[in-house]
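Numbered according to this note's numbering, the sequence shown spans residues 716 to 1104. We put the CB at the ideal spot given by N, CA and C, even for glycine. Quick caveat: nothing in here was measured; it's all calculated off a predicted structure.
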Amino acid sequence: MMGGEARCLITTNPPPVIRSSGPVGTCWVMGDPHYRTFDGTYYNFMENCTYIMAKNLFSPFMSRHICSHIFQISDSLWYLPISLANGRVTLQQSGFSVVTETDFGLSVQYDWEQYMVVKVPASFMGRMCGMCGNFNGKKDDDLTIPSGSLAASIPALGKSWRVPGLPGEAYCTDDCTGQCNVCKGESWIEHLEAESFCQLVTLLTDGPLRDCKSLIDPKVFYENCLFDYCMGKGYKKFLCKTAQIYTDACQRAGIHVHDWRNLIAEPKCPANSHFDSCACPATCENPSPPADCKTKCVASCTCNDGFLWSGNTCVPKNQCGCIYSNGGQKRYLQAGESIWADATCSTKCTCNSGQVVCEKASCPDGSECRKNSGALSPLVTVVLTGHSS
Ligand SMILES: [Ca+2]
716 MMGGEARCLI TTNPPPVIRS SGPVGTCWVM GDPHYRTFDG TYYNFMENCT
766 YIMAKNLFSP FMSRHICSHI FQISDSLWYL PISLANGRVT LQQSGFSVVT
816 ETDFGLSVQY DWEQYMVVKV PASFMGRMCG MCGNFNGKKD DDLTIPSGSL
866 AASIPALGKS WRVPGLPGEA YCTDDCTGQC NVCKGESWIE HLEAESFCQL
916 VTLLTDGPLR DCKSLIDPKV FYENCLFDYC MGKGYKKFLC KTAQIYTDAC
966 QRAGIHVHDW RNLIAEPKCP ANSHFDSCAC PATCENPSPP ADCKTKCVAS
1016 CTCNDGFLWS GNTCVPKNQC GCIYSNGGQK RYLQAGESIW ADATCSTKCT
1066 CNSGQVVCEK ASCPDGSECR KNSGALSPLV TVVLTGHSS
C-alpha cells in the first residue's frame, strides 16, 4: 500500500503461527453503522470512507477493491468465479454474496452492498488489528488504534483505520457529529413508531428465525432496527435487508431457517431468475447443485429452468461461457467475451462455443494498447492478510 497509511506498530515479538482447530474469529459489519468485532464487541460507526477491517500484525498483505458483481483485479474487470495464485485465493458467488477464501483459512464474505463478514482461523489469535479488533479473546481492548492504545471514541477509531489517498477521499467523512452517530432528539411519537415498527423483528426472531438465537442475540437485531428506523425515518428496506443478513448468517452456520417472506417482501431477482429461500444455485461452471444442498443452502436468486448463472446473468444452458487459465490465475469469461492475454495487446483470447480460442491480434488502427484505468470506485477495501508458509 501507499505510504502514510495507518499501520500496526509491532510492540512484541510475533507469536509463532500455530495451526490449530480452535475457534474461528468472525467479525462483521452490517448496514452503514453496525460492527461486531472478532471478540464480540458491538459498536455503531457512521461513515462513508474506506477502512481497514482486519489486518495481520506481522505479515505482508494484499488489498482488494470490491465494487460490484464484477471484480477489478489489477487493471481489468473480471467475472466470478476467479482463482488466483494457483488456487491459493478463490472468489466465488454464494447466495447474494461473494466469498473470497484463501488456502490459510481466511474468508471474506461481502453482499456487494452492506454486509461483510471476515473470518480468520485460530492461528491468527492475538495477531490481528483493524476495525475488527485484535482477536485475543477479550472484549475490552478491541477498539484499539494502530499505535496500540485504546481509541478515545468510535469516530477516532474509524479515523485511525481509514485508508488515505483513495479517489473521492475529499468527499467522504468519518467524524460525524451532532445527530450523525446517535439517534437522539426524536419525539416520543417517533420513538413509539420505531418501537411499533421493530416489533416485526420480534415476530421474526420469535417465529421463523427462532432457531438462530444461539448464533446472534436477537437484542442486537432489535436495537439495530430502532437505530436504522430513526436514521432512515422508517425506511423499510433496512429491516428487510437486516432480516436477510440474519437469515444468511444462520444458514451458513447450518441452522434451519423457516421462510419469513410472507412477513416481508422477497428481494428482486434479475431476468430469468427467481428467489429461493434455500438454494444451491446452478452455475455454468458447476451446473449440478450438490446432493446435500438442503444442509448447505443459502437464500439466493436461482436461474429458471433451462438457464444457468454465467457471471452476473442467467443465460440459456447452451450459451455458457468458459474458464480461462493463465499464469496460475483462472477467471470466468462470458460467451463471446474477448480479453487481451498480455499487456502488449498482441494476443487476444475469446470464449467461443465453450472453448477459449487465443490468436495473434493487435489494436485496431487509430487506437493504442493502454491499461484500463478502472472506472469503478472502491466501496470497501478488504485487507486480505496472508503468509506464504
Ligand atoms: Ca480483544
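Boundaries of the alpha helix (DSSP H) around Cys1008: Cys1008 to Lys1011.
Look at Pro748 here: in three-state DSSP terms it is coil, with no helix or strand label.
Nearest Cα to Asp1020 within the set Tyr886, Ala980, Cys965 and Ala986: Ala986.
Judged by DSSP secondary structure, Asp991 falls within the beta strand (DSSP E) whose first and last residues are Ser988 to Ala994.
Straight across, the Cα-Cα distance linking Phe819 with Phe912 is about 43 Å. Taking the CA atoms as reference points, Gly873 sits about 27 Å from Leu806. With a cut-off of 8 Å, the C-beta of Thr741 is classified as distant from ligand 1, since no heavy atom of the ligand falls inside that distance. Here Cys887 is near Glu762, since their CB atoms are less than 9 Å apart. Between the C-alpha atoms of Asn759 and Pro748 there is a straight-line separation of about 5 Å. Asp963 places its beta carbon less than 9 Å from that of Ala1014.
In the three-state reduction of the DSSP assignment, Thr756 falls in the coil class. Val916 and Val814 have their alpha carbons spaced roughly 27 Å apart. For the pair Asn1001 and Pro796, the Cα-to-Cα distance works out to about 10 Å.
Taken through DSSP and simplified to helix, strand or coil, Gly883 comes out as coil.
Per DSSP, Thr815 is one residue of the beta strand (DSSP E) stretching across Ser812 to Thr817. For the pair Phe942 and Cys955, the Cα-to-Cα distance works out to about 14 Å. Here the alpha carbon of Leu858 sits roughly 30 Å from the alpha carbon of His906. By a beta-carbon distance limit of 8 Å, Thr998 contacts Trp1024. Their separation comes to about 4 Å.
Between the alpha carbons of Pro996 and Ser809 lies a gap of roughly 8 Å. Around the beta-carbon of Arg877, 16 or more other beta-carbon atoms lie within 10 Å, marking it buried. Only exposed fits Asn801, as fewer than 16 other CB atoms lie within 10 angstroms of its CB. Out of Val1072, Gln959 and Ser1040, the CA that lies nearest to the CA of Cys1016 is found in Gln959. Burial state of Gly1043 is exposed, judged by a 10 Å Cβ sphere holding fewer than 16 other Cβ atoms.
In chain order, Trp793, Tyr794, Leu795, Pro796, Ile797, Cys999, Glu1000, Ser1025, Gly1026, Gly1036, Cys1037, Ile1038 and Tyr1039 place their CB closer than 8 Å to the CB of Tyr1047, counting only its own chain and leaving out the 5 sequence neighbours on each side. Rounded to whole angstroms, Val935 and Tyr825 show a C-alpha spacing of 20 Å. Annotated three-state conformation of Pro870 is helix, per DSSP.
Within the chosen limit of 8 Å, ligand 1 reaches the beta carbon of Lys853 through at least one heavy atom. Per the DSSP secondary-structure output, Ser809 pairs in a beta bridge with Ser812.
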